[in-house]
Amino acid sequence: MMRWWIVLGAVNAFLSVSAGAFGAHALKSRLPQDLQVIFETGARYHMYHALGLIAVGLLGHFRPSSLLNGAGWAMMVGIILFSGSLYALALSGVRVLGAITPLGGLGFLAGWVLLAVAAWRTTS
0 MMRWWIVLGA
10 VNAFLSVSAG
20 AFGAHALKSR
30 LPQDLQVIFE
40 TGARYHMYHA
50 LGLIAVGLLG
60 HFRPSSLLNG
70 AGWAMMVGII
80 LFSGSLYALA
90 LSGVRVLGAI
100 TPLGGLGFLA
110 GWVLLAVAAW
120 RTTS
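Per numbering that gives the first Met the number 0, numbering of the sequence shown is gapless, rising by one per residue and ending at 123.
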């Protein structure tokens with residue numbers, strides 16, 4: 000499974016760069032500034048957590064653990080809910096989608112906590 004976190008991290012990094020380029024070029028003249036900022040925030044956090052997935056996979060390569068799998072799943076859920084809701088909000092203008100974003104943030108937080116605990120247990 001750990002190899003899949005690296006693959007998912009790389010795929011998500013690719014998608015994040017693609018989203019960022021799309022936002023910077025294709026959407027620049029089509030979206031108001033406030034929605035451009037929202038879209039960019041989604042892309043930025045998408046990349047941070049793509050790198051987090053790669054870290055999960057790399058650490059798991061040496062010491063696989065259920066905590067690392069939990070961290071990977073939490074980050075994936077976070078990417079979908081946080082970045083996905085921001086992308087959808089920016090593209091649609093439907094502000095109620097912003098209510099989903101904090102749930103993704105909780106996924107991100109859980110992922111980092113699980114990664115930290117797994118790393119602590121691996122090195123101690």
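No residue lacks a Cβ here, since even glycine has one placed at the ideal position from N, Cα and C.
So which of the options has the shortest CA-CA distance to residue i?
| i | options | result |
| --- | --- | --- |
| N11 | H48, F81, T121 | H48 |
| S91 | P31, W3, V6 | P31 |
| A9 | A18, I53, G69 | I53 |
| G110 | M46, L26, G69, R62 | G69 |
| L76 | H24, D33, H45 | It is Val, not Leu, that sits at residue 76 in the sequence shown. When each option's Cα is compared against that of V76, the closest is H45. |
Check residue i in the structure and name its three-state DSSP category.
| i | result |
| --- | --- |
| L113 | helix |
| M0 | coil |
| I99 | coil |
Please classify residue i: is it buried, with 16 or more other beta-carbons within 10 angstroms of its beta-carbon, or exposed?
| i | result |
| --- | --- |
| E55 | It is worth fixing the name first, because residue 55 is Val in this sequence and not Glu. So V55 counts as buried. |
| L108 | exposed |
| F13 | exposed |
| S0 | The sequence given here places Met at residue 0; Ser does not occur at that position. Exposed, since its Cβ has fewer than 16 Cβ neighbours within 10 Å. |
| F81 | buried |
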